[in-house]
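Here's the structure we're looking at; comments come further down.
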Amino acid sequence: MGDFRPWPPQLRPGRALAHTPGASGFGSPHRSDSRPPQTPRGGRPSGQIGRLGTTPPVPGRPASFLPLLALMGLPALLFALITWQVVDDGPLRRLDERISDAVVDPLRLYGGLSDLGNVTVAVPVLAVVIGYVAWRGRRARTDRWWLPPLAAAVLMALVPVLVVPLKELIDRPGPPIMHGGPGYYPSGHTATASVAYGAATLVLLPWLRGRYVRRGLVVACAVVNLAVGFGLVRRGYHWPLDVVASWCLCTVLLTALWLLLSRNSRRTSAGTPSSRSGPS
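Under the working numbering, the first residue of the sequence shown carries the number 1142, and numbering increases by one thereafter.
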C-alpha cells in the first residue's frame, strides 16, 4: 500500500503520463507496468539522432529510381553516343560499316523478316489490338478506359514525327545494296515495328489472364522485333547502327507509355470498383 500524505500526489519533472513504460517509484501517476503504450504513435521507433521524429512513408513514391534510369537514361545516352559517332564519322561508324559488309546476304528470307516492320503490316496489328482493348475496357466499364488505346495511337503517330526529321538532319547514306541513297539513320522500319508491336503488347497485357500467357506475349514481341532488325541488317537494307539507334529511341518512348499506363492503372484501382470486373 502507498503512503498517506496530506497533500496531493506531485508529478516528477520530465516524466510522461501515459507514454513512459515501467514504474520508477511510488507516487508517480505514469504506467506501472512494462507493457508498451497503446497509442499508434507510441509504437513507432524514434527518429535518428539529429532528425525530428519519424519520417512517414510517402504513398505511391518509387523506392528506387535506378530501374527508371536504366530504362530511359541509358538508352537515351546510347542513342546520343551513336548519333555523335555517325555524324562525326567516328570509329564506331567505320566499324559499323565493316560489320555490315561482312554479314550482308541477299537471301529473300531476310527480306521477309524485314517486311514485318512495314507500315502496312505493323500498324494494322496495332489498330486491331487498340480496337479490342477499347471494346473490352468500355464493356467492362473501367474508369478512363479510353486512355490506353489513345496513348498507344498517339505514340504510333509520334514515330514519323521524330524519325523523319532525324533522317533529314543526319542524312546518312545507305548500304551499297541500296545504292547509297540518303536518309537511313535511324531505321524507320525498326522504329515502326518496335512501337507498333511494343505498344500493342503493353495495352493488351492487363487483359490477359495467366502468367505464362503474358510472358509468351512479351517474348513474342521481343522475337518479332529482333527478327525485323536482323532481317534489315542481313539483307543490307540498313547499317547495324541504324537499327540499334531506333531500338534505343523506341525504348524511351515505350517506357514513357508504360509509366503512363501504370499510373492510370493505379488510379483505376484506387477508385470505386465498377459493377463489372476490369483489367486483371
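Where is the CB? At the ideal position from N, CA and C, for every residue including glycine.
- In the DSSP assignment, Met1319 falls outside any alpha helix (DSSP H) and carries neither an H nor an E.
- Apart from the 5 residues on each side of it in sequence, Lys1308 sits with its Cβ closer than 6 angstroms to the Cβ of Gly1324 in its chain, given in chain order.
- Ala1368 is a Cβ neighbour of Leu1257, given a cutoff of 8 angstroms.
- With respect to the C-alpha of Thr1224, the residue from Ile1271, Val1260, Val1245 and Tyr1326 having the closest C-alpha is Tyr1326.
- In terms of Cα proximity to Asp1246, the closest of Ile1318, Asn1405, Thr1331 and Val1344 is Ile1318.
- Excluding its 5 nearest sequence neighbours in each direction, Leu1219 has C-beta neighbours in its own chain below 6 angstroms: Cys1389, listed in chain order.
- DSSP places Leu1349 outside any alpha helix (DSSP H), giving it a letter other than H or E.
- In this structure, Pro1381 and Ser1241 form a Cβ contact; the two beta carbons are roughly 6 angstroms apart against a cut-off of 8 angstroms.
- Rounded to the nearest whole angstrom, the C-alpha separation of Trp1287 and Arg1279 is 8 angstroms.
- The C-beta distance from Pro1289 to Leu1402 rounds to 6 angstroms, short enough to meet the 8 angstroms contact threshold.
- Your pair Thr1331 and Leu1373 checks out as a contact, with CB atoms roughly 7 angstroms apart and the cut at 8 angstroms.
- Going by beta carbons, Leu1291 and Gly1339 fall outside the 8 angstroms limit.
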